[in-house]
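Undergrad:
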Amino acid sequence: MHPKFYLNIKHPLLSLKGLFLDIQDLEQHFLLLLEQRKENRHAIILNKNGVVFIVKKKFIILIIVVVFSYLAYYINTRNHINYLEDELKSYLINEKHYSENDIKSIQGHRGKMPKYWVNVVFNDEPTIIYKYTDRDVGEWRQIEPSASDLNSGLKYKHIENESN
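Position one of the sequence shown corresponds to residue 32 (the working numbering), numbered consecutively onward.
#1: Less than 9 Å between the C-beta atoms of I174 and V152, yes or no?
#2: Kindly indicate which three-state DSSP category K127 falls into: helix, strand or coil?
#3: From I95, A178 and I190, pick the residue whose C-alpha is nearest to that of I159; which is it?
#4: Should E131 and K120 be called a contact, given that it needs their Cβ atoms to be closer than 9 Å?
#5: Within the same chain, show all residues whose beta-carbon is closer than 7 Å to that of H42, passing over the 5 residues directly before and after it, in chain order.
#6: What is the DSSP secondary structure of F36, counted as helix, strand or coil?
#7: Please tell me whether H189 has its Cβ less than 9 Å away from any Cβ of chain B.
#8: Give the DSSP-derived three-state secondary structure of R141 in the structure shown.
#9: Beta-carbon within less than 7 Å of K188's beta-carbon, same chain only, minus the 5 sequence neighbours each way: which residues are those?
Here you go:
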């Protein structure tokens with residue numbers, strides 16, 4: 032006589048309950064249950080330790096969409112910042128008549144207000160950062176230093192007035 036198995040597995044996505052006549056009967060029932068789960072849009076993932084995870088395919092698709100959305104947002108933002116850096120460099124050289132040697136660094140940033148701004152450091156003032164924004168209309172404006180910075184005694188050589 033073959034051994035009989037009584038099995039009661041409670042799992043949110045997988046349940047086996049009943050009396051099985053032998054191991055083959057148990058195996059057939061388990062495979063049938065797995066096939067039903069596949070039809071119900073579940074994915075069975077086996078990790079390197081042999082642990083089985085049953086995950087809804089919709090959840091996996093959602094994770095993929097979120098990751099790709101974040102990557103698209105990051106790449107788009109980075110491309111826009113690079114574009115602004117190039118445009119500001121062109122503006123400083125062509126319209127404000129600086130040479131490339133006058134400019135030490137140009138670095139774009141994203142924030143809340145203004146949404147995008149670009150920091151410029153000139154070679155003759157390596158400790159002072161000038162901020163520029165295009166106000167999303169392609170018209171470059173220098174963001175003036177704060178009143179406390181102006182009153183601190185620092186001499187700004189490259190500050191732009193409205194008349195410049």
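The beta-carbon is built from N, C-alpha and C at its ideal position, and this holds for glycine as well.
TA: With the given structure in hand:
#1: no
#2: coil
#3: I190
#4: yes
#5: Low confidence applies here, because H42 scores a pLDDT of 48, under 50, leaving its location unreliable and the question unanswered by this model.
#6: Model confidence at F36 stands at a pLDDT of 46, short of 50, so the residue's coordinates are unreliable; what they give is reported in the following sentence. If DSSP states are grouped into helix, strand and coil, F36 belongs with the strands.
#7: Of the protein chains in this structure there is only one, and it is not chain B.
#8: Three-state result, R141: strand.
#9: Contacts found: D155 and E156.
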